[in-house]
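Participant: One gets the working numbering by counting positions in the sequence shown from 1 and adding 5 to each. C-beta atoms are modelled at their ideal positions from N, C-alpha and C, and glycine is treated no differently. Since the structure is predicted, the reported quantities are computational estimates derived from the model, not experimental observations.
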Amino acid sequence: MKTRFTSNLVFGIAAVTFLAAPVFADEAAGEAKGPEVKFSGEVEFDAYTGDVINEDIKSHEYASTFDLNVDVKFNDKWSASVQLEADGETTDPTAIYNGAFVQYTHSDKFVVKFGDLTFSEGAFLNYYNYDDPADNAAGMAEHDIRGVELDYNGLVFGIGFGRGDNDNKVCVEEDGEETCVGVAYDIHLAYELGLGESSLRPFVDYKSYQEAKHNELHAGLDANLKIDAFAFHFVYGLHVDALDEDAPKATNAFLAEPSLDLGKVNVKGSVFYAIIDKKNPTVHGEEIPEYFFAYGEPSVRISDAFALGLPLEYHTNTLQKNDDVSTFNVGLRAYATPIDGLEFTGFAMVNVPVGDDADDAGLKLGLETVFAF
6 MKTRFTSNLV FGIAAVTFLA APVFADEAAG EAKGPEVKFS GEVEFDAYTG
56 DVINEDIKSH EYASTFDLNV DVKFNDKWSA SVQLEADGET TDPTAIYNGA
106 FVQYTHSDKF VVKFGDLTFS EGAFLNYYNY DDPADNAAGM AEHDIRGVEL
156 DYNGLVFGIG FGRGDNDNKV CVEEDGEETC VGVAYDIHLA YELGLGESSL
206 RPFVDYKSYQ EAKHNELHAG LDANLKIDAF AFHFVYGLHV DALDEDAPKA
256 TNAFLAEPSL DLGKVNVKGS VFYAIIDKKN PTVHGEEIPE YFFAYGEPSV
306 RISDAFALGL PLEYHTNTLQ KNDDVSTFNV GLRAYATPID GLEFTGFAMV
356 NVPVGDDADD AGLKLGLETV FAF
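(1) Is the separation between the beta-carbon of residue 148 and that of residue 191 shorter than 7 angstroms?
(2) Is DSSP giving residue 366 helix, strand or coil here?
(3) Of the residues 301, 171 and 322, which one's Cα is nearest the Cα of residue 295?
(4) Look at the alpha carbon of residue 171 and the alpha carbon of residue 156, and state the distance between them as a whole number of angstroms.
(5) Give the secondary structure of residue 249 by DSSP, where H, G and I count as helix, E and B as strand, and everything else as coil.
(6) Quick one: Cα of residue 352 to Cα of residue 273, how far?
(7) On the DSSP bridge list, what partners appear for residue 271?
(8) Span of the beta strand (DSSP E) holding residue 213?
(9) Starting from residue 343, trace the beta strand (DSSP E) in both directions and tell me its first and last residue.
(10) Taking the alpha-carbon positions, what's the residue 52 to residue 71 distance?
(11) May I ask you to report which of helix, strand or coil DSSP gives residue 76?
(12) What ranges does the beta strand (DSSP E) occupy inside the region 69 to 136, keeping only unbroken runs of at least 3 residues that lie completely in it?
(13) For residue 211, which residues of its own chain have a beta-carbon under 6 angstroms away from its beta-carbon, when the five flanking residues on both sides are left out?
(14) In whole angstroms, what separates the C-alpha of residue 123 from that of residue 236?
(15) Whose C-alpha, out of 145, 249, 200 and 302, is nearest the C-alpha of residue 229?
(16) How far does the beta strand (DSSP E) with residue 200 in it reach, from first residue to last?
(17) I need the straight-line Cα distance from residue 252 to residue 142, nearest angstrom please.
(18) Going by DSSP, name the residue or residues bridged to residue 160.
(19) Beta-carbon within less than 7 angstroms of residue 102's beta-carbon, same chain only, minus the 5 sequence neighbours each way: which residues are those?
(20) Can you grab the Cα-Cα spacing for the pair residue 282 / residue 44, in whole Å?
(21) Could you check where the beta strand (DSSP E) with residue 184 kicks off and where it finishes?
(22) Kindly indicate which three-state DSSP category residue 360 falls into: helix, strand or coil?
(23) Output the distance between the C-alpha atoms of residue 226 and residue 127, rounded to the nearest integer angstrom.
(24) Mark residue 256 as exposed unless 16 or more other C-beta atoms lie within 10 angstroms of its C-beta, in which case mark it buried.
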């Protein structure tokens, strides 16, 4: 694993050096200034305990993320970007190429991109465990494509072939024979309507395997309302597979996230509910993590650099209503931001069983460190 990580990192540095080389070459030759190269990114390294109450042999877990973005500006019209990423529940995730695209900016209202693009809609904004759109979303988790994107005055249109995990295949058994197709393309359309500090964003995404019985549709609305100290985020997401067939049945997802910021005191919450068919559900991996949860967290800012929060959570922990494994979680979260770009979050969380089949009450501890550059 370390050998692969090192080789990929060396490859990434070599690629970055190649992109930056024209700048140094031009300066050395005393010629006109070459492309402007900008580096940015984020690093997160986390450590968690297992259940410190019930486990005889204490366990621990890790998570690590490294994102590096290299932006190249050739002139006022032309630019490009490349991303490297390492992400995993380990201390040494493998660094990989995560995409690149070229951008042409005609004006503030009209932009064209082509290359490796990513679309997502209706992400969870307030609840910390589900706020990565690469995994979870009420509207649509990340879809990666290699294609073209047009942005015009709030309208977003993208089309291309599936890339990475989005370039998957589906298999269906019919009359005793299994049929698999896996040549996917993706079309994405959204419109961002700004209303002062508020916004409405209807969206639709169609993914086809170029076979009549295999396709996906995501559609819905992402709305943000902002009035002084109060904010409200609402998402409706429709998730459909096999549009021309009776099964699987569509999933309807609803997300409501209010928040109130009074300076020293902050209150935020998330309530999520998904209507999922019992017999033939539409489920895309971890996109919808559970069919219902409710979360609220009042917090108090002790100083400019330190805050304390009291999370209160109810989780069904399942996509099946027949499963009785729900829990009520309560704890303490401490937030430290000693300087811009550096954040520490420590927590202690007690999970109390509510459902008859839920695990015994347990206590978990964790520390998350994030810095951006």
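Facilitator: Concretely, from the data shown:
(1) In the sequence shown, residue 148 corresponds to position 143, counting from 1. In the sequence shown, residue 191 corresponds to position 186, counting from 1. Yes, the Cβ-Cβ distance between residue 148 and residue 191 is below 7 angstroms.
(2) For the purposes of this step, residue 366 is taken as the residue at position 361 of the sequence shown. Note: residue 366 maps to coil in three-state DSSP.
(3) Walking along the sequence shown from the start, residue 295 turns up at place 290. Nearest C-alpha to residue 295: 322.
(4) Residue 171 sits at position 166 when you count from the first residue of the sequence shown. Residue 156 sits at position 151 when you count from the first residue of the sequence shown. Their Cα atoms are separated by approximately 22 angstroms.
(5) Residue 249 sits at position 244 when you count from the first residue of the sequence shown. Residue 249: coil per DSSP, three-state reduction.
(6) Translated into the one-based positions of the sequence shown, residue 352 becomes position 347. Translated into the one-based positions of the sequence shown, residue 273 becomes position 268. So the alpha carbons of these two residues sit roughly 17 angstroms apart.
(7) Here the question's residue 271 lines up with position 266 in the sequence shown. Residue 271 is bridged to 266 and 304.
(8) Taking the sequence shown and counting its residues from 1, the one referred to as residue 213 is at position 208. Per DSSP, residue 213 belongs to the beta strand (DSSP E) from 203 to 216.
(9) Mapped onto the sequence shown, residue 343 falls at position 338. It spans 332 to 344 - the beta strand (DSSP E) in which residue 343 sits, taken as one unbroken run.
(10) On the sequence shown, residue 52 is found 47 positions in, with the first residue counted as 1. On the sequence shown, residue 71 is found 66 positions in, with the first residue counted as 1. Across the structure, residue 52 and residue 71 are spaced so that their CA atoms are roughly 15 angstroms apart.
(11) Translated into positions along the sequence shown, residue 76 becomes position 71. Note: residue 76 maps to strand in three-state DSSP.
(12) 83 to 93, 101 to 110 and 115 to 126
(13) Position 206 of the sequence shown, counting from 1, holds the residue named residue 211. 192 and 222, listed in sequence order.
(14) On the sequence shown, residue 123 is found 118 positions in, with the first residue counted as 1. On the sequence shown, residue 236 is found 231 positions in, with the first residue counted as 1. Those two C-alpha atoms are separated by around 27 angstroms.
(15) For the purposes of this step, residue 229 is taken as residue 224 along the sequence shown, with counting starting at 1. Nearest in C-alpha terms to residue 229, of all of 145, 249, 200 and 302, is 200.
(16) Position 195 of the sequence shown, counting from 1, holds the residue named residue 200. Residues 198 to 200.
(17) As a position in the sequence shown, residue 252 is number 247, starting the count at 1. As a position in the sequence shown, residue 142 is number 137, starting the count at 1. Roughly 22 angstroms between the two C-alpha positions.
(18) For the purposes of this step, residue 160 is identified with residue 155 of the sequence shown, where counting begins at 1. Looking at the DSSP assignment, residue 160 forms a beta bridge with 157 and 196.
(19) On the sequence shown, position 97 is the one that residue 102 refers to. Cβ within range, chain order: 89.
(20) The count along the sequence shown starts at 1 and reaches residue 282 at position 277. The count along the sequence shown starts at 1 and reaches residue 44 at position 39. Those two C-alpha atoms are separated by around 46 angstroms.
(21) As a position in the sequence shown, residue 184 is number 179, starting the count at 1. Element bounds for residue 184: 182 to 186.
(22) Residue numbering aside, residue 360 sits at position 355 when the sequence shown is read from its first letter. Coil, per DSSP.
(23) Position 221 of the sequence shown, counted from the start, is the residue given in the question as residue 226. Position 122 of the sequence shown, counted from the start, is the residue given in the question as residue 127. If you take the alpha carbons of residue 226 and residue 127, they lie about 8 angstroms apart.
(24) Numbered from its first residue, the sequence shown carries residue 256 at position 251. Under this definition residue 256 is a buried residue.
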